[in-house]
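First to last, the protein sequences are chains A and B.
Basically our numbering = 1-based index in the first sequence + 149.
Basically our numbering = 1-based index in the second sequence + 1.
Quick notes on the structure that follows.
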Amino acid sequence: MSDTVYLVVVIGCAVLLAAAASLAIVRAERGPSMLDRTIALDVFTTTLVGAIALEAALSRRTDTIPILVVLSLVGFVGSVTIARFASVEPEDEGRIRTAEEVAAEDAARREAEEADRDAAVDPEHHGAAPEGEVR
Amino acid sequence: MDVTSPWDTVADVVSAVFLLCGAFLAFAAGVGVVRFPDLLARMHAATKPQVLGLILVLAGLSLRLRSWGAVATLLLVVIFQLLTSPVAAHMVGRAGYRTGKIGEDALVLDELTRDQDAAEREDSGEHEPGR
């Protein structure tokens, strides 16, 4: 087959893969739960593998093949980690907070930190030499 | 390559067909992931390019490269994918079930709930007669 025809086929494949990647990203953005996003990112990773393989097929190169091995393993680690540790999400964690809410949370946290710091220092003995110290 | 044998042409054509099929499966997965209504249906759609699509694309690539070293590495990729994607899908489905993201009414057959109920009854000392 002449290279021109092959190039046309590769461009067709690239369009399909680009559409698949975009749709996966749409789901990752929309996805009501963390697990939907995991699945969408799995699809995205697979699409990426396909794209790299497509490029290697077009230019007949073998040096990008190790990337395929790495991608197929990394995608697995990512989705298992999310499914195991991050799938339980609190009710309104997905919501984006307003600036006022963030400021209020920051203030509360700072107050708590300062209270902790004050509680750690005993005002009676502040600055005094330890008992039994020889100078 | 100055001299192209007919077999090279055949290999290129077959590789182009494989690549097209693989890319189409990836596209179908993208559409399914966006349009299907719940987690399990989306998982079903996402599995297609992960196994068959990947095998098709990598077979197409092997036919284009035509070197045994490349074929061995690509075979390794396929084996990794075949080993890992069922585990990942199992973990996602399990997490989805345990966090209540799988609606009862969407299931035709729910063996897991039935088995869990049976196990709980067994734990609490009741035994079903005839089992």
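No residue lacks a Cβ here, since even glycine has one placed at the ideal position from N, Cα and C.
(request) Consult DSSP for B:D116 and reduce its assignment to one of helix, strand or coil. (result) Helix at B:D116.
(message) Count Cβ pairs between the stretch 172 to 191 of chain A and the stretch 90 to 99 of chain B that sit closer than 8 Å; are there 3 or more?
(response) Because the criterion of three Cβ pairs below 8 Å is met, the stretch 172 to 191 of chain A and the stretch 90 to 99 of chain B touch.
(message) I'd like the span of the alpha helix (DSSP H) that includes A:D185, first residue to last.
(response) First-last of the alpha helix (DSSP H) with A:D185: 183 to 208.
(message) Using the Cβ count rule (16 or more neighbours within 10 Å means buried), how would you classify B:V88?
(response) That one is exposed.
(message) Please list, in chain order, the chain B residues whose beta carbon lies closer than 7 Å to that of A:L184.
(response) From the beta-carbon of A:L184, the residues of chain B found nearer than 7 Å are L40, V93, A96, G97, K102.
(message) Counting only C-beta atoms, is B:A24 closer than 8 Å to chain A at any point?
(response) Against chain A, the CB of B:A24 has a partner CB under 8 Å away; the residue lies at that interface.
(message) Can you confirm whether B:L55, when its beta carbon is compared against all beta carbons of chain A, has any partner nearer than 8 Å?
(response) So, interface residue.
(request) Output, in sequence order along the chain, the residues in the stretch 208 to 222 of chain A whose CB is closer than 9 Å to any CB in chain B. (result) Flagged, chain order: R209, R210, T211, I214, P215, L217, V218, L220, S221, L222.
(message) Spatial neighbours of B:G23 within its chain, please: C-beta separation below 6 Å, excluding the five flanking residues on both sides.
(response) In chain order, G54, L57, V58 place their CB closer than 6 Å to the CB of B:G23, counting only its own chain and leaving out the 5 sequence neighbours on each side.
(request) Please go through the same chain and pick out, in chain order, the residues whose beta-carbon is closer than 7 Å to the beta-carbon of B:R132, but skip the five residues on each side of it. (result) Caution is warranted here: a pLDDT of 49 is assigned to B:R132, below 50, making its placement in the model unreliable, and no coordinate value can be reported.
(message) Using only the alpha-carbon positions, how far apart do A:E260 and A:V270 sit?
(response) Their backbone Cα atoms lie some 16 Å apart in a straight line.
(request) Helix, strand or coil for B:I103, going by three-state DSSP, please let me know. (result) Coil.
(message) To the nearest angstrom, how far is the alpha carbon of B:S6 from that of B:G104?
(response) Their Cα atoms are separated by approximately 58 Å.
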